[in-house]
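Worksheet: one structure, shown below.
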Amino acid sequence: MSEVGKKALILGATGAVGKSLLREVLLADTYKSVTTIGRREVKLDDSIPQSKLVQKIVDFDNLDASRKEMKGYEDVYCCLGTTRAAAGSADAFKRIDHDYVVNSAKIIAEENPGTDSGLSPVHFLYCSSGLSNKNSPFLYFQSKGQTEEDLINTGFKRVSIFRPGYLQIEEQRPQARIADSILSKFMGFTRAVGLRLDVPVAVVGRAMLHAATHPVDASGKSDKTSSQYVENPEIE
Numbered sequence: 487m488s489e490v491g492k493k494a495l496i497l498g499a500t501g502a503v504g505k506s507l508l509r510e511v512l513l514a515d516t517y518k519s520v521t522t523i524g525r526r527e528v529k530l531d532d533s534i535p536q537s538k539l540v541q542k543i544v545d546f547d548n549l550d551a552s553r554k555e556m557k558g559y560e561d562v563y564c565c566l567g568t569t570r571a572a573a574g575s576a577d578a579f580k581r582i583d584h585d586y587v588v589n590s591a592k593i594i595a596e597e598n599p600g601t602d603s604g605l606s607p608v609h610f611l612y613c614s615s616g617l618s619n620k621n622s623p624f625l626y627f628q629s630k631g632q633t634e635e636d637l638i639n640t641g642f643k644r645v646s647i648f649r650p651g652y653l654q655i656e657e658q659r660p661q662a663r664i665a666d667s668i669l670s671k672f673m674g675f676t677r678a679v680g681l682r683l684d685v686p687v688a689v690v691g692r693a694m695l696h697a698a699t700h701p702v703d704a705s706g707k708s709d710k711t712s713s714q715y716v717e718n719p720e721i722e
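Position 60 of the sequence shown, counting from 1, maps to 546 under the working numbering, and the rest follow consecutively.
This is the structure we're talking about:
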């Protein structure tokens with residue numbers, strides 16, 4: 487399905503999944519324009535076409551000041567997220583991983599209102615995590631689960647949630663993580679015995695783009711959000 491004439495917005499394009507998604511979207515050349523919103527610009531290789539790319543810097547602690555940057559999109563991809571270690575504390579983690587995502591979504595819904603059902607016509611696509619559960623005893627999965635629920639209740643016509651397993655990154659992280667090294671070796675073992683619990687970030691990006699550019703059955707109630715969960719095996 488061609489998305490020519492439509493505009494896309496990507497939140498969190500500097501992260502592993504977000505940057506890979508941005509590359510996939512630009513290479514596919516299916517949108518009239520692609521805008522990124524983040525705390526810094528994304529650096530891309532010259533081999534990636536960038537004539538349709540617009541990058542905006544925002545303060546996620548003062549999103550009301552950037553409302554105009556969130557208007558005029560049909561598809562919104564969100565790859566915002568962090569870890570407790572990177573955030574520095576549990577409170578900082580929740581502010582970035584949950585509050586930034588949900589607060590951005592609320593403003594996007596308000597700035598792109600619907601006409602008939604009251605729901606925003608925006609298709610909101612969120613990269614969550616496998617094992618996400620708002621009742622999880624683990625903060626990371628708890629935050630993802632709560633974020634998923636809040637996004638579905640934000641007021642979009644369509645919300646697609648992706649739950650990838652362990653992410654195979656394409657670029658070295660700024661700071662090496664001991665846990666990553668251990669998990670990477672474990673994932674190599676699971677693949678050897680026929681299990682696939684991990685997924686390359688490029689595959690996640692392509693799955694998100696595919697969901698955005700392919701229609702789903704919209705025969706249900708027009709006043710209710712259509713939600714779709716894409717688990718790790720389906721992403722592959």
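All C-beta atoms, glycine included, are put in the ideal place defined by N, C-alpha and C.
#### Entry: Extent of the continuous alpha helix (DSSP H) run through Leu625
As a position in the sequence shown, residue 625 is number 139, starting the count at 1. From DSSP, the alpha helix (DSSP H) with Leu625 extends over Leu625 to Ile638.
#### Entry: Cβ contact check for the region 523-538 and the region 596-612: 3 or more pairs under 8 Å
At 8 Å Cβ cutoff, the stretches do not touch.
### Query
Roughly how many angstroms separate the alpha carbons of Ala573 and Gly491, rounded to a whole number?
The residue you call residue 573 lines up with position 87 of the sequence shown. The residue you call residue 491 lines up with position 5 of the sequence shown. Looking at the two C-alpha atoms, the distance is approximately 38 Å.
### Query
With distances taken between CB atoms, is the gap from Leu495 to Tyr563 smaller than 9 Å?
Position 9 of the sequence shown, counting from 1, holds the residue named residue 495. Position 77 of the sequence shown, counting from 1, holds the residue named residue 563. Yes, the pair counts as a contact, with Cβ atoms nearer than the cut-off.
### Query
Using a beta-carbon distance below 9 Å, is Ala494 in contact with chain D?
In the structure shown, chain D does not exist; there is a single protein chain.
### Task
Rounded to whole angstroms, what's the CA-CA distance from Ala576 to Ala697? Just pull it up for me.
What you label residue 576 is simply residue 90 of the sequence shown in a count that begins at 1. What you label residue 697 is simply residue 211 of the sequence shown in a count that begins at 1. So the alpha carbons of these two residues sit roughly 32 Å apart.
#### Entry: Own chain partners of Asp602 with C-beta closer than 8 Å, once the 5 adjacent residues on each side are dropped
Counting from one through the sequence shown, the residue named residue 602 turns up at place 116. Ser708.
### Task
Below 8 Å on the Cβ atoms is my guess for Phe610 versus Phe642; work out the distance and round it to an integer in Å.
As a position in the sequence shown, residue 610 is number 124, starting the count at 1. As a position in the sequence shown, residue 642 is number 156, starting the count at 1. Sure, about 5 Å apart at Cβ, within 8 Å.
### Message
Based on DSSP bridge pairs, tell me the residues matched to Pro686.
### Response
Within the sequence shown, numbered from 1, the residue matching residue 686 stands at position 200. Residue pairing of Pro686 in beta bridges, as defined by DSSP: Gln654.
### Message
Run through the DSSP bridge pairs and tell me what Lys542 is partnered with.
### Response
On the sequence shown, position 56 is the one that residue 542 refers to. Here Lys542 is bridged, per DSSP, to Ile523.
### Query
Going by DSSP, which residues form a beta bridge with Leu549?
Here residue 549 refers to the residue found at position 63 when the sequence shown is read from its first residue. Per DSSP, Leu549 has no beta bridge partner at all.
#### Entry: Rounded C-alpha distance that separates Val679 from Asp515
Numbered from 1 along the sequence shown, position 193 holds the residue referred to as residue 679. Numbered from 1 along the sequence shown, position 29 holds the residue referred to as residue 515. Confidence is the limiting factor: at Val679 the pLDDT is only 47, short of 50, which leaves the residue's position unreliable, though a coordinate-based value still follows. Straight across, the Cα-Cα distance linking Val679 with Asp515 is about 38 Å.
### Task
Let me know the secondary structure DSSP gives Asp577 once reduced to three states.
In the sequence shown, counting from the first residue as 1, residue 577 sits at position 91. Correct three-state label for Asp577: helix.
#### Entry: Option in Pro701, Thr633, Arg581 and Glu720 with minimal Cα separation from Leu683
On the sequence shown, residue 683 is found 197 positions in, with the first residue counted as 1. Closest by C-alpha distance to Leu683, out of Pro701, Thr633, Arg581 and Glu720, is Glu720.
### Task
Have a look at Ala551, Ser615 and Val608 and flag the residue whose alpha-carbon is nearest the alpha-carbon of Ile647.
Along the sequence shown, one-based indexing puts residue 647 at 161. The alpha carbon of Ile647 has as its nearest neighbour, out of Ala551, Ser615 and Val608, the alpha carbon of Ser615.
### Task
Reducing DSSP to helix, strand and coil, say where Asp585 ends up.
Locating residue 585 in the sequence shown gives position 99, where the first residue counts as 1. For Asp585, the secondary structure class from DSSP, reduced to helix, strand or coil, is helix.
### Message
Let's see if you can read the secondary structure: which residues bound the alpha helix (DSSP H) around Ile721?
### Response
For the purposes of this step, residue 721 is identified with residue 235 of the sequence shown, where counting begins at 1. Start and end: Asn718 to Ile721.
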